[in-house]
Each structure stands twice: as structure tokens, then as C-alpha cells.
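A.B. asks:
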Amino acid sequence: MTLARNALTPFLLVSLAFHLMFLVRWPARAPRERVPEEIPVTVLPAPQESAPRPAPAGTEAPSRPAETAAATPKRATPATEVPRLQPSAPVAAEEHPSRVEVAKARVIETEPAPTRPLPKLKDLLPNAYNFSAEQLGGREGSIRLDSKDPKYVPYLTLIKQAVEVEWSYPPVALQYGLQGALLVEFTILGNGQVEDVRILRSSGYTVLDKEATRALRAAAPFPPIPPRVGKSPLPIVATFVYSDKRVRYEVAP
11 MTLARNALTP FLLVSLAFHL MFLVRWPARA PRERVPEEIP VTVLPAPQES
61 APRPAPAGTE APSRPAETAA ATPKRATPAT EVPRLQPSAP VAAEEHPSRV
111 EVAKARVIET EPAPTRPLPK LKDLLPNAYN FSAEQLGGRE GSIRLDSKDP
161 KYVPYLTLIK QAVEVEWSYP PVALQYGLQG ALLVEFTILG NGQVEDVRIL
211 RSSGYTVLDK EATRALRAAA PFPPIPPRVG KSPLPIVATF VYSDKRVRYE
261 VAP
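Take 11 as the starting number for the sequence shown in the working numbering and just add one per residue.
1. Could you check how far apart the C-beta atoms of Lys158 and Arg238 are, in whole angstroms? I think they sit under 8 Å.
2. Would you say Pro236 lies against chain C (beta-carbon separation less than 8 Å)?
3. With Arg238 as the anchor, note down where its beta strand (DSSP E) starts and where it stops.
4. Check whether the Cβ atoms of Leu155 and Ile235 sit closer than 8 Å, and answer yes or no.
5. Among Val251, Pro180, Val207 and Leu199, whose alpha-carbon lies nearest the alpha-carbon of Leu244?
6. How would you write the range of the beta strand (DSSP E) that Glu150 sits in, first residue to last?
7. So, are the CB atoms of Pro206 and Ser213 less than 8 Å apart?
8. Return helix, strand or coil for Tyr186, following the three-state DSSP convention.
9. For Thr216 and Thr197, I'd like the C-alpha separation in whole angstroms.
10. Between Gln171, Pro181, Trp177 and Lys241, which has its C-alpha nearest Gly201's C-alpha?
11. Cutting at 6 Å between CB atoms, please list the residues of its own chain near Ala248, excluding the five before and the five after it.
12. By how many angstroms is the C-alpha of Trp177 removed from the C-alpha of Asp254?
13. Report buried or exposed for Ala80, applying the criterion of at least 16 other Cβ atoms within 10 angstroms of its Cβ.
14. Can you check which of these residues, Phe250, Tyr179, Gln189 and Val204, is closest to Ala229 by C-alpha distance?
15. What residues in its chain sit with their C-beta under 6 Å from that of Phe250, if we drop five residues either side in the sequence?
16. Which same chain residues end up closer than 8 Å to Pro231 when comparing Cβ atoms and leaving out the 5 residues on each side of it in sequence?
17. Alpha carbon to alpha carbon, how far is Leu30 from Leu18? Give it in angstroms, no decimals.
18. For Ala225, which of Gly151, Leu166, Ser152 and Lys170 has the nearest alpha-carbon?
19. Beta-carbon separation of Leu166 and Pro233 under 8 Å?
20. Comparing alpha-carbon positions, which option in Ala183, Ile209, Arg227 and Val163 lies nearest Tyr252?
21. Counting only the same chain and skipping the five closest in sequence on each side, list residues whose C-beta sits under 7 Å from that of Ala172.
22. Between Ile198 and the ligand SAM, is there a pair consisting of the residue's CB and a ligand heavy atom that are separated by less than 7 Å?
23. Can you name the start and end residues of the beta strand (DSSP E) that Val160 belongs to?
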């Protein structure tokens with residue numbers, strides 16, 4: 011048995027060496043070439059540009075950007091998100107006032123102008139006109155309507171109030187801005203009747219002078235002269251001052 015194994019050993023070694031040489035000389039298998047696959051390509055017709063719709067009447071057609079010459083292709087950049095513009099506030103409210111504002115304006119326009127109060131009777135002449143009755147040709151012993159003598163004040167106050175009710179600023183004088191001061195002398199009889207109304211110093215305007223004398227006659231008869239006055243008839247000198255302030259009339263103290 012041992013002899014048989016020893017006899018096969020050289021044979022196996024020779025066979026192994028032969029197979030190794032065969033394997034070494036065996037040509038390497040060439041890699042199989044990959045055949046490119048055919049990709050089907052379909053040519054589609056170019057889309058036709060649709061004709062722009064006609065703009066409605068009364069609106070302007072949007073202007074198309076001018077076509078520029080073909081430029082060299084640039085590398086495309088990713089599109090960035092453009093923020094939406096908030097619609098601006100309508101300005102129609104400023105151009106066209108609301109109905110409420112129009113109504114308010116009409117009410118203001120139709121409201122009558124405030125009536126100006128009538129001027130009050132002023133007894134004290136300004137310094138430029140502060141003359142005595144005698145200097146202006148008045149009667150001796152005349153009493154000024156602004157006298158502070160306690161004996162005359164109650165009765166003279168009644169006369170002033172009665173004249174102020176009748177006295178007014180002539181509209182034509184207000185229209186043309188006529189102003190002035192006049193000194194008037196009048197006599198009150200014992201029964202309150204008035205006589206001898208005369209102008210000692212004119213205002214410079216006939217319309218103002220006539221209104222003052224008219225107011226004196228219209229206010230008569232006055233209350234009868236009380237006994238405490240101690241004088242009858244009673245000559246009085248009064249000053250009428252027309253002063254159109256256009257805002258308000260100052261009342262004499």
C-alpha cells in the first residue's frame with residue numbers, strides 16, 4: 011500500500027505543475043463591450059404664439075418690452091422669490107370728498123352769517139372830541155348824559171336805555187365802513203316830551219347824523235322829569251359814537 015502511494019506522488023506533482031502552467035498561459039477574457047442603448051427621440055412642433063386679446067375700451071394696452079439683440083447665453087441662476095407688492099391705498103377719497111363732507115360743506119355755506127350786535131350809546135367822547143357843551147355852542151347849564159351826579163343818574167339811565175332800543179347802525183354805513191362820533195343836544199320837557207334836537211358836532215356823515223336824531227325822537231316821550239332832579243325843562247348833551255369793529259362792539263363804561 012505504501013509503495014503504491016509513493017509511486018503516485020511524482021505523477022500528481024507533474025499533473026499539478028502542468029495545470030498551473032496551463033492556467034498561467036490561459037489568455038485573460040476580454041471585457042465585453044457595452045453596446046449603447048438607443049434612446050427614442052420625438053420631435054414636437056414649436057408652440058404657436060396666441061394673438062393678444064384686444065384690450066377693453068377705455069384702458070391702455072400694456073407696452074411690450076423692446077426686443078433686444080440676442081446676447082450670449084448666460085449661466086442660469088436660481089430664481090429668487092419676489093415679494094408681492096401690497097396694493098397702494100386708493101387716493102379717490104382725497105380727490106373726491108365723501109357725501110358727508112359735501113353735506114357738511116353745504117350746511118356751512120348755507121348757514122346765515124351771524125348778526126352783529128348794534129352799537130351802544132356812548133356818552134363819553136374820545137379825547138379828540140372832549141369839549142364842553144358851551145365850547146360847542148350848547149346851552150349853559152346843559153347836563154351830560156354820562157353825568158355821575160347821584161341826583162341825575164337814575165333818570166339819565168332811563169333815557170339811555172330808551173334811546174339804545176331805537177338807535178341802530180345804518181346798513182349803508184356798515185356796507186361802506188362809515189364811522190364817526192357826533193355830539194347832540196336835546197331838551198326834555200317836564201312831561202317827557204323832546205324838543206330842540208340839534209347837532210353840536212357832526213360825525214362827518216349825514217347818514218350817521220340823521221340816524222342819531224331819529225333815534226332820539228323815536229324814543230320820546232321819556233318818563234316825566236322827577237321832582238328830585240329839580241330842573242325842568244332839562245337840556246341834555248349826548249354823544250353818539252359809530253365804531254364798526256366787524257367782530258364786536260365795545261360797550262362804553
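For glycine and all other residues, C-beta sits at the position ideal for the given N, C-alpha and C. Note that the coordinates shown come from a computational prediction; the quantities given were computed from them, not determined experimentally.
C.D. replies: According to the structure data:
1. In fact, because the Cβ distance is near 16 Å, the residues do not count as touching under 8 Å.
2. The structure shown contains no chain C; it is built from a single protein chain.
3. Counting along the chain, Arg238 falls outside any beta strand (DSSP E), and DSSP gives it neither H nor E.
4. no
5. Leu199
6. Premise fails: Glu150 is in no beta strand (DSSP E) and is neither H nor E.
7. The residue asked about is misnamed: residue 206 is Asp in this sequence, not Pro. No, the pair does not count as a contact, with Cβ atoms beyond the cut-off.
8. helix
9. 22 Å
10. Residue identity differs from the one stated: residue 201 is Asn in this sequence, not Gly. Comparing Cα-Cα distances from Asn201 to each of Gln171, Pro181, Trp177 and Lys241, the minimum goes to Lys241.
11. Leu155 and Val194
12. 14 Å
13. At Ala80, the pLDDT of 46 sits below 50, so the modelled position is not reliable and the matter cannot be decided from this model.
14. Val204
15. Leu192 and Ala222
16. Asn201, Gly202, Gln203 and Val204
17. 18 Å
18. Lys170
19. no
20. Ala183
21. Ala229 and Phe232
22. Summarising the ligand content, the structure contains no ligands, and the ligand SAM is consequently not present.
23. First, the residue type needs correcting, since residue 160 is Pro and not Val in the sequence shown. Looking at the DSSP string, Pro160 is not in any beta strand (DSSP E), and its letter there is neither H nor E.
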